[in-house]
Amino acid sequence: MNLKSLSWRLLCAVLAAGAVLGVDLAQRPLAPVAAVAAWPAVPVSLRVDHLVPMGRGAIPMPPDAPAAHASTLLAMPAGHPAALTVFWFSGERESGPKVQIAASQWDRATQQWAPARFVVNRHVLGAALGFGVRRLGNPVAWMDGSGHIHLFVVATGWGGWAASRILHLRQSSDGNGLQELAFAPVRVLPLSWLWNTSHLVRNAPLPLADGGMVLPVHFELGIKYPLALRFDSRGAFLGMARISRRTYALQPTLLAKTPTEWLALMRDERHGGKVIAARTPDGGRSWNDLPDLALVNPDSAVGGMALAPGQMLLAHNSSPASRAWLDLSGSADGVAWTPLQALEHGATDDDEFSYPAMAWADGSVWLSYTVDRHRLAWQRFTAAAPVGVKP
Amino acid sequence: MNMDRMAWLAQWVSVESPVLPSPGAMQWWLYLGWSVVLAWGFAAQGQAWPQRVRRVGAALVALWCWVPGPYSPAYWLGMAFQAPSISSVVLCAWLLRESLLVSRVAPPLPVPTDRSALALSMLGVILGWALLLDTLALLPVSLYAWGFSPIAPALVLLVALVPWVLGYRHRSLGPKAWVAPIVVLLFVALRLPTGNVWAAMLDPWLWVLLHGYVVRAAFRRAIRLKSAL
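So the sequences go chain by chain: A and B. Using the numbering used here, read the first sequence as starting at 1 and increasing by one per residue. Using the numbering used here, read the second sequence as starting at 1 and increasing by one per residue.
Rendered as structure tokens:
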């Protein structure tokens with residue numbers, strides 16, 4: 001072999017590249033099958049326009065934490081003492097150095113929220129990661145196939161929210177009762193070349209039939225665009241896809257119309273905006289922008305959920321220039337929405353009811369949301385019995 | 001083309017089964033990477049100092065990075081910039097070695113006379129711009145996500161070996177030309193720092209430095225051409 005010949009060197013280079021490809025492929029599992037959405041186990045007769053209020057109240061706050069925001073609800077397994085776990089960020093003020101991730105659980109026996117406690121602290125995270133975390137925010141919870149809770153939180157480096165990264169945490173405690181609940185970091189999600197900065201998470205993931213999920217996130221350095229991240233049933237990151245070509249759409253919430261046709265509804269940062277929509281026909285592999293919905297959006301987060309095919313719910317701020325009104329609307333196709341419930345109608349534009357989260361547990365739709373950035377409230381809706389049938 | 005071959009090709013370009021490094025390996029790389037980069041930075045700044053002082057100082061700076069918690073510079077650099085790329089660490093290790101072994105005063109950055117290294121540097125500059133545009137959603141395709149595919153490291157290696165292939169008439173290549181192939185091999189073995197091949201090849205700080213390297217080479221070439229006229 002004469003390595004001073006062009007052809008021999010070319011052959012060696014191609015063989016080396018082939019060997020690298022072979023070694024790389026040997027390290028990987030086969031690419032996952034197409035993503036197929038799953039819906040919660042709701043009664044076949046359930047219709048979103050038959051939901052009636054069943055309860056409401058305040059979620060207990062941790063002591064000495066006057067600020068609270070961005071809650072997320074997680075339905076717990078059937079045999080668990082708690083029906084729901086709620087996570088949010090709380091501290092002296094939004095983006096303050098003392099902000100931690102707090103949690104509470106709805107006890108099935110007492111039908112009450114347990115006293116809140118902090119479950120994630122940025123100093124503890126920094127020690128575990130080996131690098132500092134400046135601020136914490138926006139937790140989103142998910143339960144994997146083995147019953148472990150995963151938290152995705154916004155963790156900032158140097159800078160404000162635009163310098164955020166999404167930190168993936170996994171339950172490190174044996175059980176997931178509130179008093180023993182603890183988390184350890186898995187990794188900062190690898191989402192961009194630019195030091196992984198400016199990706200944020202806000203809304204709940206879309207569960208998949210294979211036990212995995214699709215997590216909606218967004219980028220917000222200068223421009224804002226939404227992404228969908230796929231995870232397997234163990235919580236391993238499987239990839240990312242851009243949801244929209246628009247540069248002012250953020251905080252997507254995912255709704256499944258069919259197993260593979262999903263909608264992403266998004267917050268519009270423009271003045272006088274409407275709820276932004278995009279659609280995927282192939283389980284998240286490709287996305288197309290849709291015309292804006294008729295629903296106004298005063299640059300505020302929306303929270304949606306598909307209970308079954310054709311049974312979709314969306315909690316959204318319905319006043320054009322403030323977050324004083326929070327409504328619950330229903331839809332069969334995700335495009336045309338009908339108001340179902342007035343969740344909160346503040347007396348003045350200074351009132352704020354925002355960042356709604358939704359979950360299905362114990363035969364009910366549960367909602368949580370921020371009140372004036374100081375506390376959280378919850379509401380519960382259940383299906384009214386059809387006429388002539390005893391509930 | 002039959003379905004089996006199509007399936008193989010789809011597997012090669014798939015971005016849906018990334019291999020990511022373990023959390024332990026990422027933390028280890030954070031300390032190692034910044035210790036090498038900062039040790040080179042110290043040695044490069046202290047060119048006028050006695051060699052013994054440079055060696056001891058660089059070793060102390062490297063050890064400082066391994067102090068756990070907020071007393072380590074890696075803790076704060078990691079908060080701002082995560083971990084350096086494999087390219088940065090390999091380049092800094094090589095420059096650190098050069099700086100500590102030679103007794104003469106050496107420039108902190110190599111003189112840009114090696115054409116193959118210059119060509120790869122220009123490719124790095126272009127790649128960085130493409131990745132930045134991709135981050136800002138200004139490209140029609142997601143270039144960063146493509147860095148998770150199995151075919152990406154193989155193609156990067158092919159490109160990295162082009163100087164060696166085209167240099168068949170010369171006796172040997174300079175060591176700088178081997179940095180990129182070594183980085184690809186290390187990436188395939190370790191998946192550091194993030195599991196994405198672009199993050200292994202280029203980080204934003206290296207990209208900024210490559211601009212300086214390329215501009216300096218262009219400036220020198222312009223001066224040479226002017227003096228030849």
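Quick reminder that beta carbons are idealized off the backbone N, C-alpha and C, glycines included.
In or out: residue i buried (at least 16 other Cβ within 10 Å) or exposed?
i: residue 257 of chain A; result: buried
i: residue 44 of chain A; result: exposed
i: residue 345 of chain A; result: exposed
i: residue 66 of chain B; result: exposed
i: residue 8 of chain B; result: exposed
i: residue 219 of chain B; result: exposed
i: residue 352 of chain A; result: buried
i: residue 50 of chain B; result: exposed
i: residue 273 of chain A; result: buried
i: residue 384 of chain A; result: exposed
i: residue 156 of chain A; result: buried
i: residue 122 of chain A; result: buried
Establish whether the CB of residue i and some CB of chain B are separated by less than 8 Å.
i: residue 166 of chain A; result: no
i: residue 185 of chain A; result: yes
i: residue 121 of chain A; result: no
i: residue 233 of chain A; result: no
i: residue 237 of chain A; result: yes
i: residue 157 of chain A; result: yes
i: residue 10 of chain A; result: yes
i: residue 270 of chain A; result: no
i: residue 178 of chain A; result: no
i: residue 343 of chain A; result: no
i: residue 240 of chain A; result: yes
i: residue 84 of chain A; result: no
i: residue 169 of chain A; result: no
i: residue 6 of chain A; result: yes
So for residue i, helix, strand or coil by DSSP?
i: residue 88 of chain B; result: helix
i: residue 378 of chain A; result: strand
i: residue 76 of chain A; result: coil
i: residue 7 of chain A; result: helix
i: residue 88 of chain A; result: strand
i: residue 113 of chain A; result: strand
i: residue 99 of chain B; result: helix
i: residue 134 of chain B; result: helix
i: residue 178 of chain B; result: helix
i: residue 268 of chain A; result: strand
i: residue 302 of chain A; result: coil
i: residue 148 of chain A; result: coil
i: residue 245 of chain A; result: coil
i: residue 221 of chain B; result: helix
i: residue 126 of chain B; result: helix
i: residue 151 of chain B; result: helix
Checking contacts by CB at 8 Å: is residue i closer than that to chain A?
i: residue 212 of chain B; result: no
i: residue 124 of chain B; result: no
i: residue 81 of chain B; result: yes
i: residue 175 of chain B; result: no
i: residue 132 of chain B; result: yes
i: residue 26 of chain B; result: yes
i: residue 258 of chain B; result: Outside the shown range of chain B, which is 1 to 229, sits residue 258 of chain B, and nothing can be said about it.
i: residue 183 of chain B; result: no
i: residue 151 of chain B; result: yes
i: residue 119 of chain B; result: no
i: residue 73 of chain B; result: no
i: residue 12 of chain B; result: yes
Residue i: beta carbon under 7 Å from a heavy atom of the ligand NAD?
i: residue 87 of chain B; result: As far as ligands go, the structure on display features none, and thus does not contain the ligand NAD.
- Query: Do the stretch 231 to 248 of chain A and the stretch 197 to 212 of chain A make contact, defined as three or more Cβ pairs closer than 8 Å?
  - Reply: Yes: the two stretches touch, three or more of their Cβ pairs being nearer than 8 Å.
- Item | Cβ-based contacts, 8 Å cut-off: residues of the stretch 126 to 144 of chain A near chain B | 126, 127, 129, 130, 131, 132, 133 and 134
- Query: If you measure beta-carbon to beta-carbon, which residues of the stretch 34 to 63 of chain B are closer than 8 Å to chain A?
  - Reply: Listed by position, the residues of the stretch 34 to 63 of chain B near chain A (Cβ gap below 8 Å) amount to none.
- Query: Are the stretch 294 to 313 of chain A and the stretch 330 to 346 of chain A touching, with three or more C-beta to C-beta distances below 8 Å?
  - Reply: yes
- Contact list for the stretch 191 to 217 of chain B against chain A, Cβ threshold 7 Å: 194, 195, 196, 198, 199 and 204
- Where the stretch 13 to 47 of chain A meets chain B: residues whose CB sits under 8 Å from a CB there: 13, 14, 16, 17, 18, 20, 21, 23, 24, 25, 27, 28, 29, 30, 31 and 32
- Which residues, in chain order, does the stretch 189 to 215 of chain A contribute to contact with chain B at a C-beta distance below 7 Å? 190, 192, 193, 194, 195 and 196
- Looking at chain B, which residues of the stretch 217 to 232 of chain A have a Cβ within less than 8 Å of any of its Cβ atoms? 219, 221, 222, 223, 225 and 230
- Message: What are the residues in the stretch 246 to 259 of chain A lying within 7 Å of chain B by C-beta distance?
- Response: 247
- Item | Any 3 or more C-beta pairs closer than 8 Å across the stretch 57 to 73 of chain B and the stretch 177 to 185 of chain B | no
- Task: Count the C-beta pairs between the stretch 115 to 135 of chain A and the stretch 158 to 178 of chain A that are closer than 8 Å, then say yes if the count reaches three, no if not.
- Result: yes
- Message: Three or more C-beta pairs under 8 Å: does that hold for the stretch 155 to 163 of chain B against the stretch 17 to 25 of chain A?
- Response: yes
- Query: Between the stretch 56 to 64 of chain B and the stretch 8 to 19 of chain B, do at least 3 Cβ pairs fall closer than 8 Å?
  - Reply: no
- Would you be able to state if there are at least three C-beta pairs under 8 Å between the stretch 83 to 92 of chain B and the stretch 25 to 36 of chain B? yes
- Query: Counting Cβ pairs closer than 8 Å, one from the stretch 315 to 324 of chain A and one from the stretch 59 to 71 of chain A, do we hit at least three?
  - Reply: no
- Query: For the stretch 141 to 148 of chain B against the stretch 184 to 203 of chain B, are there 3 or more C-beta pairs whose distance is under 8 Å?
  - Reply: In short, these stretches touch, since the Cβ pair count reaches three.
- contact_flag[the stretch 74 to 87 of chain A, the stretch 142 to 150 of chain A] where n(CB pairs < 8 Å) is 3 or more: yes
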